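Input: a single structure, listed below in structure tokens.
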Amino acid sequence: MLRALELARRAWGRTHPNPMVGAVITEGGRVVAEGFHEAPGGPHAEVAALRALGRRPSAEAVLHVTLEPCCTHGRTPPCVDAILASGIRTVVVGARDPNPAHAGRGLELLRQAGVGVVEGVLGEACVQQNFIFNHWIVERRPLMVLKVASTLDGRLVPPAGQPRDVTGPESRADVHRWRRLFPAVAVSADTLLADNPRLTARDEGPEHAPLRFVLDRRFRTAGHAGLNVFRDPHRGRTVVVGLASELRASDAAWFEAEGVRVWPLPGRPEEFLGHWSARCAAEGVVGVMIEAGPRLAVAMLQAGAADMLFAYVAPRLGGDPNHSPWFGSADLGLSDVTTIPMGKDVFFRGRVRGGS
Ligand SMILES: NC(=O)c1ccc[n+]([C@@H]2O[C@H](COP(=O)([O-])OP(=O)(O)OC[C@H]3O[C@@H](n4cnc5c(N)ncnc54)[C@H](OP(=O)(O)O)[C@@H]3O)[C@@H](O)[C@H]2O)c1
């Protein structure tokens, strides 16, 4: 199952809206075939492993798969059918399908057909690997992750004249890995204008651009042709999100000429985050990492708009006195917490209580 998890991870960030899934077939305890789900529309991991085997599995063959095999027709036929047709008699599963409409059904069908099923092997790791998918498939709205790089006293902006990075290189590299996983990232207009970030993943392999949201209720970024997200080769993956009532025809024309998309949202300013989430859901964007400055972070917490918090905390105190701590007056607990030392920093990842 460890190997299956490793295989699944090869498709890091490339399976949305589907989960990452890996599969290994063993015979007599030896690996004879492997597979993983590479991209939506492509074969599921179990089918990829069966194809890689290229022959009928032997009587003692065992299929190990990180996620419960599907039992319904999606873009591909049900994997349960492929497993039964292959003659495999034992299936070892990591996580159950979190979709309430399916959960356990694939396993039940296998058992009814006389296949031996073992479940929950490395279950927690298999569940965790697909935390974005798990949220999406149950809630049918994107997982909104508030990410901050903070000092011990909650400062996101260093004092004037000091280096702009609050946290160390290990934390920054980790953020790039998440930018490769999440289908989308977001920043405010203020942060875009202050820092001109590229918002791409440049950790390993070719530069990768997730969908890049600019949260800009009043379209203040219009006309700023020098911003990286408006002029780099990935600018077709930049979406400026603002209030329809604030969009002037001349600004809409400017964005269009730059090849940048615009989402004008209905409603009042305080309803913005909710409408944005709904539009993401409608467009099939399953998760967003919001790289918030202090005011957007406070606004998200106040609005209950953050499902998870990713906090990189550096061992230092103090910041620009013009910026308040990012948590405002929030009284916040996290659940399902993972804590990872990262160079000199500490990374806290957890679910925001009261979120879903
Ligand atoms: N260390 C870190 O993790 C980190 C991350 C990002 C940025 N920063 C730093 O933060 C500084 C900028 O901080 P900031 O406080 O000025 O910017 P910010 O928090 O990134 O964004 C503030 C803007 O967000 C928008 N906003 C506020 N409430 C909102 C709501 N309910 N819904 C939608 N949008 C809302 C507002 O713009 P509109 O009213 O125009 O919509 C507001 O002006 C920069 O110096 C940057 O370097 C640090």
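Residue numbering for the sequence shown follows numbering that gives the first Met the number 0, starting at 0 and increasing by one per position.
Think of the CB as a built atom: it goes at the ideal place given N, C-alpha and C, for glycine as much as any other residue.
In this text the structure is predicted, and so the values were computed from the model without any measurement.
Check your understanding: Taking C-alpha atoms, which residue in Leu121, Leu226, Thr150 lies nearest to Leu192?
Key -> Within the sequence shown, residue 192 is the residue found at index 193, counting from 1. Cα-wise, what sits closest to Leu192 is Leu226.
Review point. Exposed or buried, Arg247, counting other C-beta atoms within 10 Å across all chains shown (16 or more means buried)?
Key: As a position in the sequence shown, residue 247 is number 248, starting the count at 1. The residue in question, Arg247, is exposed, as its Cβ has fewer than 16 Cβ neighbours within 10 Å.
Check your understanding: Can you give the Cα-Cα distance for His209 and Pro263, rounded to whole angstroms?
Key -> Residue numbering aside, residue 209 sits at position 210 when the sequence shown is read from its first letter. Residue numbering aside, residue 263 sits at position 264 when the sequence shown is read from its first letter. Reading the sequence as shown, one finds Pro at residue 209 and not His. In this model, Pro209 and Pro263 are separated by some 20 Å (Cα to Cα).
Review point. If you measure from the CB of Phe347, is any heavy atom of ligand 1 nearer than 7 Å?
Key: As a working mapping, residue 347 is identified with position 348 in the sequence shown. At a threshold of 7 Å, Phe347 does not count as near ligand 1, since its beta carbon sits no closer than that to any of the ligand's heavy atoms.
Check your understanding: Hey, out of Gly122, Arg211, Val228, whose CA is closest to Ile289's CA?
Key -> As a position in the sequence shown, residue 289 is number 290, starting the count at 1. The candidate whose alpha carbon is nearest that of Ile289 is Arg211.
**Study point:** Nearest-angstrom beta carbon gap, Ala51 and Ala32 [assumed within contact, 8 Å]
**Key:** If you number the sequence shown from 1, residue 32 lands on position 33. If you number the sequence shown from 1, residue 51 lands on position 52. Yes, Ala32 and Ala51 are in contact; Cβ-Cβ is about 4 Å, under 8 Å.
Review point. Can you name, in chain order, every residue of its own chain whose Cβ lies under 6 Å from the Cβ of Pro340, other than the five neighbours on each side?
Key: In the sequence shown, the residue the question calls residue 340 occupies position 341. The answer is none, since no qualifying residue turns up.
Review point. What is the rounded straight-line gap between the Cα of Asp344 and the Cα of Met143?
Key: Counting from one through the sequence shown, the residue named residue 344 turns up at place 345. Counting from one through the sequence shown, the residue named residue 143 turns up at place 144. One C-alpha to the other measures close to 23 Å.
Point to revise | Status (buried if at least 16 other CB within 10 Å, exposed otherwise) for Leu316 | key: As a first step, residue 316 must be located in the sequence shown, where it is residue number 317. It is exposed - the Cβ of Leu316 has fewer than 16 other Cβ atoms within 10 Å.
Check your understanding: Since Leu264 is in the beta strand (DSSP E), which residue starts that stretch and which ends it?
Key -> Numbered from 1 along the sequence shown, position 265 holds the residue referred to as residue 264. It spans 260 to 264 - the beta strand (DSSP E) in which Leu264 sits, taken as one unbroken run.
Practice item. Using only the heavy atoms of ligand 1, determine whether one of them is closer than 7 Å to the beta carbon of Arg358. Key: Outside the displayed span of the chain (0 to 355) sits residue 358, for which this structure offers no information.
Check your understanding: Does the distance from the CB of Leu155 to the CB of Trp325 come in under 8 Å?
Key -> For this step, residue 155 is matched to residue 156 along the sequence shown. For this step, residue 325 is matched to residue 326 along the sequence shown. In this structure, Trp325 lies closer than 8 Å to Leu155 by Cβ.
Point to revise | Burial state of Asn321, where buried means 16 or more other Cβ atoms lie within 10 Å | key: On the sequence shown, position 322 is the one that residue 321 refers to. Result: exposed.
Check your understanding: Whole-angstrom Cβ separation of Glu5 and Gly21, contact assumed at under 8 Å?
Key -> Indexing the sequence shown from 1 puts residue 5 at position 6. Indexing the sequence shown from 1 puts residue 21 at position 22. Between Gly21 and Glu5 the Cβ distance is about 7 Å, and since that is below 8 Å, they are a contact.
Check your understanding: Out of Gly292, Asp330, Val351, which has the shortest C-alpha to C-alpha gap to Gly318?
Key -> For this step, residue 318 is matched to residue 319 along the sequence shown. Ranking Gly292, Asp330, Val351 by Cα distance to Gly318 puts Gly292 first.
Review point. Out of curiosity, what's the CA-to-CA distance linking Val147 and Leu331?
Key: Translated into positions along the sequence shown, residue 147 becomes position 148. Translated into positions along the sequence shown, residue 331 becomes position 332. Val147 and Leu331: Cα-Cα distance of roughly 15 Å.
Check your understanding: Using the C-alpha atoms, what's the distance from Pro68 back to His101?
Key -> As a first step, residue 101 is located in the sequence shown; it is residue number 102 there, counting from the start. As a first step, residue 68 is located in the sequence shown; it is residue number 69 there, counting from the start. Looking at the two C-alpha atoms, the distance is approximately 10 Å.
Check your understanding: On the three-state DSSP scale, how would you describe Ser249?
Key -> On the sequence shown, position 250 is the one that residue 249 refers to. Ser249 sits in a helix when the DSSP states are folded into three classes.
Check your understanding: Of all the options Val137, Val165, Trp177, which has the alpha carbon lying nearest to the alpha carbon of Val145?
Key -> If you number the sequence shown from 1, residue 145 lands on position 146. The amino acid at residue 145 is misidentified as Val; the sequence shows Leu. Measuring C-alpha to C-alpha distances from Leu145 to each of Val137, Val165, Trp177 identifies Trp177 as the nearest.
Review point. Is there contact between the segment 171 to 186 and the segment 297 to 305, where contact requires at least three CB pairs shorter than 8 Å?
Key: Result no; under three Cβ-Cβ pairs closer than 8 Å.
Check your understanding: Are Gly115 and Thr89 touching if we call contact CB-CB under 8 Å?
Key -> Position 116 of the sequence shown, counting from 1, holds the residue named residue 115. Position 90 of the sequence shown, counting from 1, holds the residue named residue 89. Contact flag set, yes.
Point to revise | Element boundaries [beta strand (DSSP E), containing Met143] | key: Against the sequence shown, residue 143 aligns to sequence position 144. It spans 142 to 150 - the beta strand (DSSP E) in which Met143 sits, taken as one unbroken run.
Check your understanding: When the Cα atoms are used, what is the spatial distance from Gly222 to Asp250?
Key -> On the sequence shown, position 223 is the one that residue 222 refers to. On the sequence shown, position 251 is the one that residue 250 refers to. If I take the Cα positions, the gap works out to 7 Å.
Exercise for review: Spell out the partners DSSP gives Arg211 in its beta bridges.
Suggested key: By one-based count along the sequence shown, residue 211 stands at place 212. DSSP lists Val184, Thr237 as the beta-bridge partner residues of Arg211.
Check your understanding: Rounded to a whole number of angstroms, what is the C-alpha to C-alpha distance between Asp202 and Ala112?
Key -> Your numbering for residue 202 matches position 203 in the sequence shown. Your numbering for residue 112 matches position 113 in the sequence shown. For Asp202 and Ala112, the distance between alpha carbons rounds to 46 Å.
Review point. Among Cys70, Ala48, Phe218, Met19, which one has its Cα closest to the Cα of Val61?
Key: Numbered from 1 along the sequence shown, position 62 holds the residue referred to as residue 61. Ranking Cys70, Ala48, Phe218, Met19 by CA distance to the CA of Val61 puts Ala48 first.
Check your understanding: Which one or two residues does DSSP pair with Asp344 in a beta bridge?
Key -> The residue you call residue 344 lines up with position 345 of the sequence shown. Met341, per the DSSP bridge assignment.
Review point. Under 8 Å between the Cβ atoms of Cys70 and Val79?
Key: Working through the sequence shown from its first residue, we reach residue 70 at position 71. Working through the sequence shown from its first residue, we reach residue 79 at position 80. A contact, by the Cβ cut-off of 8 Å.
Exercise for review: Assign Asn17 to one of two classes, buried (16 or more other C-beta atoms within 10 Å of its C-beta) or exposed (fewer than that).
Suggested key: Your numbering for residue 17 matches position 18 in the sequence shown. It counts as buried.
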